[in-house]
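Quick notes on the structure that follows.
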Amino acid sequence: MRWTNKQRPRPLRSGDLVAVVATSGVVHPKRLKRGLRSLRRMGLRVLEGPHLYDRWGYLAGRDRDRAAGLQEMFCREEVKGIFCARGGYGAGRILPYLDLALIRRHPKVFLGSSDVTILHLALTQHAGLVTFHGPMVEPDLSRDNNPLTRRSVRALVLNGRAFEGTIPGHFLSRPTRIEGELTGGNLTLVTSSLGTPFAIETKGKVLFLEEVNEEPYRIDRMLTHLRLAGKLEGVRGIVFGEMVRCRARVALRGFSATGILARFARDMDVPCFATFPSGHGRENVVLPMGGRITLEPRGEWSARFRLRP
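Using our numbering, you'd call the opening residue of the sequence shown number 438 and step up by one each time.
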């Protein structure tokens with residue numbers, strides 16, 4: 438079943454118990470421990486989820502175990518939120534083993550990004566939950582050089598209130614307000630959802646896309662794939678996150694990642710913005726998937742944003 442009315446999870450409070458789970462790649466224990474300490478400094482109690490330190494090849498345990506661990510954390514009443522440890526690869530492999538109808542009956546904060554994109558699509562579209570695309574415990578919360586990220590966590594995840602501010606960036610096309618329900622995530626994962634029961638639904642929504650470690654021609658290919666699949670028809674706007682280390686082996690003028698986005702935006706009849714500080718860069722600002730975004734120009738090289746769950 439697909440849901441149009443989204444359930445907003447209860448915001449976290451000081452003293453709440455949050456579970457940290459590994460849905461994808463193998464965790465790095467030392468970096469993860471630093472991230473766990475960061476959560477405790479936020480006033481949260483931390484439960485290390487089942488199979489958190491498992492290893493099965495390049496995955497954090499077997500598929501059924503990772504799925505069972507995530508579902509258990511949704512169902513345990515004392516757990517008020519779920520934070521993903523890291524990305525990598527493997528989240529899509531657990532989808533056949535999740536009972537999304539059961540998860541819908543236990544809405545709670547769910548935070549992660551990168552490979553977790555496919556879980557956001559499943560939870561928002563098939564369980565009807567508002568989820569949070571944002572910092573991972575190991576790579577993001579183990580560092581303290583991302584103040585905007587941390588402020589967004591406190592506003593949206595811990596207090597359940599809107600988060601707003603002004604950021605550098607510019608509209609690649611049609612510099613007018615972008616407003617609507619958010620969907621999207623990592624471009625590779627969004628594209629790979631096509632042809633599956635969890636294919637991204639974009640009509641009437643604002644599409645967010647970010648990427649890491651992909652050459653510009655691959656970004657071109659994936660954007661073209663989305664266009665040919667009809668996933669760019671009827672969107673209210675496109676917000677590009679950071680394209681981190683997306684460089685060509687052989688540079689071609691006008692065909693950098695930035696150039697590809699600009700060329701692509703010129704062919705769109707909706708506003709396109711770059712670059713929102715979310716994804717794989719230093720900052721990974723929380724984006725409420727299934728929640729709302731407003732983004733409007735403030736001069737040529739900055740924009741004002743407002744996010745609310």
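Glycine included, C-beta positions come from ideal geometry on N, C-alpha and C. Values in this document were obtained by computation on a predicted structure and should not be read as measured data.
Can you round the beta-carbon distance between THR625 and MET659 to whole angstroms, since I take them to be within the 8 Å contact cut?
By one-based count along the sequence shown, residue 625 stands at place 188. By one-based count along the sequence shown, residue 659 stands at place 222. At roughly 7 Å, the Cβ-Cβ gap stays under 8 Å, so THR625 and MET659 are in contact.
Could you check where the alpha helix (DSSP H) with ILE697 kicks off and where it finishes?
Mapped onto the sequence shown, residue 697 falls at position 260. 694-703 is the span of the alpha helix (DSSP H), which, as asked, contains ILE697.
Considering only DSSP beta bridges, list what ASN623 is partnered with.
By 1-based counting over the sequence shown, the position of residue 623 is 186. Answer is GLU647, bridged to ASN623.
Environment of LEU669 [buried if 16+ CB atoms lie within 10 Å]
Mapped onto the sequence shown, residue 669 falls at position 232. Classification for LEU669: buried.
Between the CA atoms of GLY486 and LEU507 - distance to the nearest angstrom
As a first step, residue 507 must be located in the sequence shown, where it is residue number 70. As a first step, residue 486 must be located in the sequence shown, where it is residue number 49. Looking at the two C-alpha atoms, the distance is approximately 8 Å.
When burial is assigned at 16 or more other CB atoms within 10 Å of the CB, is SER451 buried or exposed?
Stepping through the sequence shown from its first residue, residue 451 is reached at position 14. It is exposed - the Cβ of SER451 has fewer than 16 other Cβ atoms within 10 Å.
For the beta strand (DSSP E) containing GLY674, name the first residue and the last one.
Residue numbering aside, residue 674 sits at position 237 when the sequence shown is read from its first letter. GLY674: member of the beta strand (DSSP E) spanning 674-681, first to last residue.
For the segment 522-577, which segments carrying the beta strand (DSSP E) assignment without a break, of at least 3 residues, lie completely within its bounds, in sequence order?
546-549 and 568-570
Would you check if there are 3 or more beta carbon pairs closer than 8 Å linking the segment 508-523 to the segment 567-583?
yes
If we call anything under 8 Å between Cβ atoms a contact, is LEU532 one with PHE547?
Residue 532 sits at position 95 when you count from the first residue of the sequence shown. Residue 547 sits at position 110 when you count from the first residue of the sequence shown. No. Outside cutoff.
Which residue comes first and which comes last in the alpha helix (DSSP H) that contains LEU507?
Translated into positions along the sequence shown, residue 507 becomes position 70. Unbroken alpha helix (DSSP H) run through LEU507: 500-512.
Roughly how many angstroms separate the alpha carbons of THR460 and PRO448, rounded to a whole number?
One-based indexing of the sequence shown puts residue 460 at position 23. One-based indexing of the sequence shown puts residue 448 at position 11. Near 22 Å, if we compare the C-alpha coordinates of PRO448 and THR460.
Rounded to the nearest angstrom, what separates ARG655 and GLU515 at their Cα positions?
Here residue 655 refers to the residue found at position 218 when the sequence shown is read from its first residue. Here residue 515 refers to the residue found at position 78 when the sequence shown is read from its first residue. A straight line joining the alpha-carbon of ARG655 with that of GLU515 spans about 44 Å.
Contact the segment 636-656 vs the segment 587-594: 3+ CB pairs below 8 Å
no
Just to confirm, is the Cβ distance from GLY674 to ILE615 under 8 Å?
As a working note, residue 674 is residue 237 in the sequence shown. As a working note, residue 615 is residue 178 in the sequence shown. A contact, by the Cβ cut-off of 8 Å.
Out of ARG735, GLY462 and LEU454, which has the shortest C-alpha to C-alpha gap to GLY606?
As a working note, residue 606 is residue 169 in the sequence shown. Per the Cα distances, ARG735.
Rounded to whole angstroms, what is the Cα-Cα separation between ALA456 and ARG477?
Locating residue 456 in the sequence shown gives position 19, counting from the first residue. Locating residue 477 in the sequence shown gives position 40, counting from the first residue. Cα to Cα, the separation comes out at about 12 Å.
Status (buried if at least 16 other CB within 10 Å, exposed otherwise) for SER739
Taking the sequence shown and counting its residues from 1, the one referred to as residue 739 is at position 302. The residue in question, SER739, is exposed, as its Cβ has fewer than 16 Cβ neighbours within 10 Å.
Identify which residue in PRO584, THR568, ILE555 and ARG682 has its Cα closest to the Cα of ILE637.
Residue 637 sits at position 200 when you count from the first residue of the sequence shown. Checked all of PRO584, THR568, ILE555 and ARG682; the closest Cα to ILE637 is ILE555.
Based on the DSSP output, what are the partners of HIS607 in its beta bridges?
Position 170 of the sequence shown, counted from the first residue, corresponds to residue 607. Partner(s): ALA711.
Grab me the residues of GLY602's own chain with a C-beta within less than 7 Å of its C-beta, minus the 5 sequence neighbours each way, in chain order.
Here residue 602 corresponds to residue number 165 of the sequence shown, with the count starting at 1. Taken in chain order, the residues that qualify are PHE742.
What are the partner residues of ILE656, as DSSP defines its beta bridges?
Position 219 of the sequence shown, counting from 1, holds the residue named residue 656. DSSP, once it has assigned bridges, lists no residue as partnering ILE656.
Going by beta carbon distance, what residues of the same chain come within less than 8 Å of TYR495, once the five residues before and after it are set aside?
Indexing the sequence shown from 1 puts residue 495 at position 58. Same-chain partners within the cutoff: GLY462, VAL463, GLY525, TYR526 and GLY527.
Determine the burial state of ASN721: buried for a count of at least 16 other Cβ atoms within 10 Å of its Cβ, exposed for fewer.
Stepping through the sequence shown from its first residue, residue 721 is reached at position 284. Buried, because 16 or more other Cβ atoms sit within 10 Å of the Cβ of ASN721.
Could you check if ASN596 is buried or exposed, using at least 16 other CB atoms within 10 Å of its CB as the buried criterion?
Within the sequence shown, residue 596 is the residue found at index 159, counting from 1. Exposed: under 16 other Cβ atoms inside 10 Å.
Cα-Cα separation, ARG503 to LEU535:
Taking the sequence shown and counting its residues from 1, one reaches residue 503 at position 66. Taking the sequence shown and counting its residues from 1, one reaches residue 535 at position 98. C-alpha separation (whole angstroms): 10 Å.
Per DSSP, what are the beta-bridge partners of GLY617 in this structure?
To locate residue 617, count along the sequence shown from 1; it is residue 180. Answer is ILE730, bridged to GLY617.
Between the Cα of HIS563 and those of ALA505, LYS443 and LEU473, spot the shortest distance and give me the residue it belongs to.
As a working note, residue 563 is residue 126 in the sequence shown. Comparing Cα-Cα distances from HIS563 to each of ALA505, LYS443 and LEU473, the minimum goes to LYS443.
Helix, strand or coil at ARG745 [DSSP, three-state]
Taking the first residue of the sequence shown as position 1, residue 745 is located at position 308. Here ARG745 sits in strand by DSSP.
If you compare alpha carbons, which of LYS517, THR633, ARG513 and ARG611 is closest to ARG445?
Looking up residue 445 in the sequence shown gives position 8. Taking only the C-alpha atoms, the option nearest ARG445 is LYS517.
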